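Enquirer:
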Amino acid sequence: MTDAERAEQIMRFIYALRSKGVTDANVLRAMERIDRGAFVRGTFAARAYEDTPLPIACGQTISQPSVVALMTEALEVTPRDKVLEVGTGSGYQAAILSQLARRVYTVERHRPLVAEARATFDRLGLTNIIAMAADGSYGLPEQAPFDRILVTAAAEDPPGPLKQQLRIGGIMIVPVGQSDAVQTLVKVRRTESGFEYDELRPVRFVPLLEGMARE
Ligand code: SAH
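When you read off a place in the sequence shown, starting at 1, and then add 41, the result is the number in our numbering.
1) Measure the alpha-carbon distance for Pro200 versus Gly218 and round it to whole angstroms.
2) Taking its Cβ as the centre, do 16 or more other Cβ atoms sit within 10 Å of Pro153, making it buried, or is it exposed?
3) For Ser104, count neighbouring C-beta atoms within 10 Å of its own C-beta (all shown protein chains included) and say buried if the count is 16 or more, exposed if not.
4) Fully enclosed by the segment 102-131, which beta strand (DSSP E) runs are 3 residues long or longer?
5) With hydrogens ignored, establish whether the beta-carbon of Ser107 is closer than 8 Å to any heavy atom of the ligand HEM.
6) Output the residue ranges of the alpha helix (DSSP H) runs that lie fully inside the segment 117-196 and measure 4 residues or longer, sorted by chain position.
7) Closest by CA to Val124, which one among Ile190, Arg242, Glu237 and Glu197?
8) In the structure shown, what three-state DSSP assignment does Gly235 receive?
9) Which whole-angstrom value describes the C-beta separation of Leu167 and Ser139, a residue pair presumed to lie in contact below a C-beta threshold of 8 Å?
10) Does any heavy atom of the ligand SAH sit closer than 8 Å to the C-beta of Gln50?
11) Where do the ends of the alpha helix (DSSP H) carrying Leu249 lie?
12) Is the separation between the beta-carbon of Leu95 and that of Met72 shorter than 9 Å?
13) How many angstroms separate the CA atom of Gln50 from the CA atom of Leu165?
14) Evaluate Gly180 with the Cβ neighbour count: other Cβ atoms within 10 Å of its Cβ, from every protein chain shown; 16 or more gives buried, anything less gives exposed.
15) What does DSSP give as the partner residues of Thr225 in its beta bridges?
16) When you compare only the Cα positions, how much space is there between Arg82 and Gln224?
17) For Ala136, is the classification buried or exposed, using 16 other Cβ atoms within 10 angstroms of its Cβ as the cut-off for buried?
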């Protein structure tokens, strides 16, 4: 692909995100900077700039770019934030967050995905992401509290341990609902006195599973 073709492809990608309702200039800039093609393998790499989820290793998927952008926007990340992502997958969402936050911790239950994501972060020079193999339903207590938490797998309810690891004033975005149905993206805000919940939009994610995967 020539430089001109690549520029054209990115322009169309950003245009598509805008038409899906993404307006935040910082989020759009992050989506422009991070090459989604670096996070998908083989024949699927050619489709990296389509607004569609794609298969990755371990039977998982990289989310649809417009969903990544809208979730990132809803998270209201600021440059001083320490962010936790649950469900590293390909690492794409973490890479987008890394452009907006001070530091990103991302956890994944499939070890091979963690190894692959780390290699991609190294290749792209993304030094403020720490990827770890862990069961994210319990969060990452040793690094808590977090300013922002983004869950990229569907939970039946916003997980209690994650709510507890949110700083007061912090925000968590989490898909809530049964795994075989359409889920609702929920925004949780921790206040001095408790938690506030907002339902944002319907989404579809793989389920948040307990325990480490066996490979
Ligand atoms: N954010 C990813 C896509 C997420 S797909 C990306 O940008 O590519 C959801 C991921 O959540 C899957 O990789 C799945 O293995 C992981 N997952 C599910 N339950 C988990 C848990 N309890 N802890 C950590 N990761 C989990």
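The C-beta atom is built at its ideal place from N, Cα and C for all residues, glycine as well.
Keep in mind the model is a prediction, meaning the values are calculated, not measured.
Expert: Put simply:
1) Roughly 12 Å between the two C-alpha positions.
2) Exposed.
3) Burial call: buried.
4) Listed in chain order, the complete beta strand (DSSP E) runs (minimum 3 residues) inside the segment 102-131 are 123-127.
5) In terms of ligand content, the structure shown lacks the ligand HEM and carries the ligand SAH instead.
6) Assignment of alpha helix (DSSP H) within the segment 117-196, counting only whole runs of 4 or more residues, yields 133-139 and 152-165 in chain order.
7) Val124 has its Cα closest to that of Ile190, out of Ile190, Arg242, Glu237 and Glu197.
8) In the three-state reduction of the DSSP assignment, Gly235 falls in the coil class, being assigned neither a helical nor a strand state.
9) Rounded, the Cβ-Cβ distance is 5 Å, consistent with contact.
10) Checking every heavy atom of the ligand SAH against the Cβ of Gln50, none is found closer than 8 Å.
11) First-last for Leu249: undefined, no H or E at that position.
12) No.
13) Distance from the CA of Gln50 to the CA of Leu165, rounded to the nearest whole angstrom, comes to 20 Å.
14) Classification for Gly180: buried.
15) Beta-bridge pairing links Thr225 to Val217 and Pro243.
16) Each residue's Cα considered, the two are about 28 Å apart.
17) Ala136 comes out buried.
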